[in-house]
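Peer 1: As you go down the protein sequences, you meet chains G and W in turn.
Per our numbering, the very first residue in the first sequence carries number 25; after that it's consecutive.
Per our numbering, the very first residue in the second sequence carries number 978; after that it's consecutive.
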Amino acid sequence: METDKLIAMLASNAEPVAPGALRRRYAAAVAGGGIGALLLMVAFYGVRPDLRQAAGDPMFWVKLGLPLALFAAALVAATRLARPGMRLGWSAEALLVPVGVIWMLAAVALVSAAPGERLPLVLGSTWASCPFNIAFLSLPAFAAAFWTMKGLAPTRPVLAGAFSGLLAGTVGAAAYSLHCPEMAPPFLGTWYVLGMALPAVAGAAVGPRLLRW
Amino acid sequence: MRGLSGEAAAYAAFLKELSAFLRAFLRGRLARVPDEVEDLVQETLLAVHNQRHTYDASQPLTAWVHAIARYKMIDFLRRRAGREAMNDPLEDDSDFLGASDEEAREAKRDMATLLARLPDRHRLPIQLVKIEGLSVAEAAKRTGMSESAVKVGIHRGLKALAAFIRG
């Protein structure tokens, strides 16, 4: 087929693009991934029984706020990476803000603790399972974020994969925080950050293979 | 851009102009494989069309088009997996949007042949609506498909066409 005929074919009766198409796709992916993570959390781990009391503790909201703030930055970055020719801008640097805040809180907690209490503050009682549980809960959002990105046009597949994975990790961590009994900033700054980084690293690794278009 | 909001004539004019840009851009870059240029022009046009929902009205159109062209060229070079080709410089070319080349060579790969490989639920809607110019409603009546199935068939069919090209 000649190029002129291809152009005529593409242009004839072309459906107009609905405004906000990309936003709607991400809204659906996040809703699906979030519901999936909550269902997995309830089925495998259970909501913490003292949730009502815990909600009165500001640290509970810090623990939920860390993944949610990272989620916002990762979502902006992912939607930018999905559009050819769009720069990442401040969205990548914005990731450092919530991580910096939790590390500062962690440093304060560690400095003011007695030397013998410092390691328990970092390890808590669930350090060995926490990052893997977060990664597990991020699986539905991981699939949804990759599915969405695949239907868009990422020209930098490693970064697009990494931020899709990070987006999923933050959803998993937010859901997990409703189960997890840990409240110490040093724990959150270590194992939550690691748990969210795992899907991001996995996403960077599979991005070039899964995100071709 | 009016073309992306569905005005067929404006959209065709845009694609025509774009094809001339792409031809000049790719001829400069792929001087060693001139026979492949027209195929890649067509592949990139198809990508621009299929991915047009990723254009944001607030971004420069040239940046969007340029990024797609570069992505498709690099993907093509990877596919060829020729080491020599991979070493070609790929840095940005400021003359990209100034250059234009109206003269098309023959494409080696025939889109019509690829179209024929699509399953009926994709091929018929494309044939009727995009080539014969029927409305979606007419095509739906003719095929017995629902109108939304016709629209989905066109969309998925053009995506499948792009996937055939990638191999």
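For every residue, glycine included, the Cβ atom is placed at its ideal position computed from N, Cα and C.
(1) Name the residues in the stretch 1088-1099 of chain W whose C-beta lies less than 7 Å from a C-beta of chain G; which are they?
(2) Given a cut-off of 8 Å, decide if residue 1032 of chain W and residue 1041 of chain W are closer than it, judged by their beta-carbon atoms.
(3) Could you check what DSSP says for residue 215 of chain G in three-state terms: helix, strand or coil?
(4) Spatial neighbours of residue 1079 of chain W within its chain, please: C-beta separation below 6 Å, excluding the five flanking residues on both sides.
(5) Which residues in chain G have a C-beta closer than 7 Å to the C-beta of residue 1128 of chain W? List them in chain order.
(6) Express the C-alpha separation of residue 226 of chain G and residue 1062 of chain W in angstroms, rounding to a whole number.
(7) Using 8 Å as the Cβ pair cut-off and three pairs as the minimum, do the stretch 1097-1117 of chain W and the stretch 1007-1027 of chain W touch?
(8) Output the distance between the C-alpha atoms of residue 195 of chain G and residue 1110 of chain W, rounded to the nearest integer angstrom.
(9) Short check: CB of residue 15 of chain G to CB of residue 167 of chain G, under 8 Å?
(10) Looking at the structure shown, is residue 1027 of chain W part of a helix, part of a strand, or coil, going by DSSP?
(11) Verify the CB distance criterion: does residue 237 of chain G have a CB-CB separation below 8 Å to chain W?
(12) Where does residue 204 of chain G sit, in a helix, a strand or coil, going by DSSP?
(13) What's the gap between the Cα of residue 161 of chain G and the Cα of residue 232 of chain G?
(14) Which residues in the same chain have their Cβ closer than 6 Å to the Cβ of residue 64 of chain G, if we skip the five residues on either side of it in sequence?
(15) Kindly list the residues whose CB is nearer than 6 Å to the CB of residue 91 of chain G, restricted to its own chain and excluding five residues on each side of it in sequence; keep chain order.
(16) For residue 57 of chain G and residue 28 of chain G, I'd like the C-alpha separation in whole angstroms.
(17) Which of helix, strand or coil does DSSP assign to residue 33 of chain G?
(18) Closer than 7 Å by beta-carbon distance: list the chain G residues that pair up with residue 1015 of chain W, in chain order.
(19) Name the chain W residues whose beta carbon is nearer than 8 Å to that of residue 107 of chain G?
Peer 2: Taking the definition as stated:
(1) 1088 and 1089
(2) yes
(3) helix
(4) 997
(5) 39
(6) For residue 1062 of chain W, the predicted model reports a pLDDT of 48, less than 50, meaning its position is unreliable and no value from the coordinates is stated.
(7) no
(8) 45 Å
(9) With chain G covering only 25 through 237, there is no way to say anything about residue 15 of chain G.
(10) helix
(11) yes
(12) coil
(13) 23 Å
(14) 161
(15) 194, 197 and 198
(16) 43 Å
(17) helix
(18) 27
(19) 1031, 1032, 1033, 1036 and 1041
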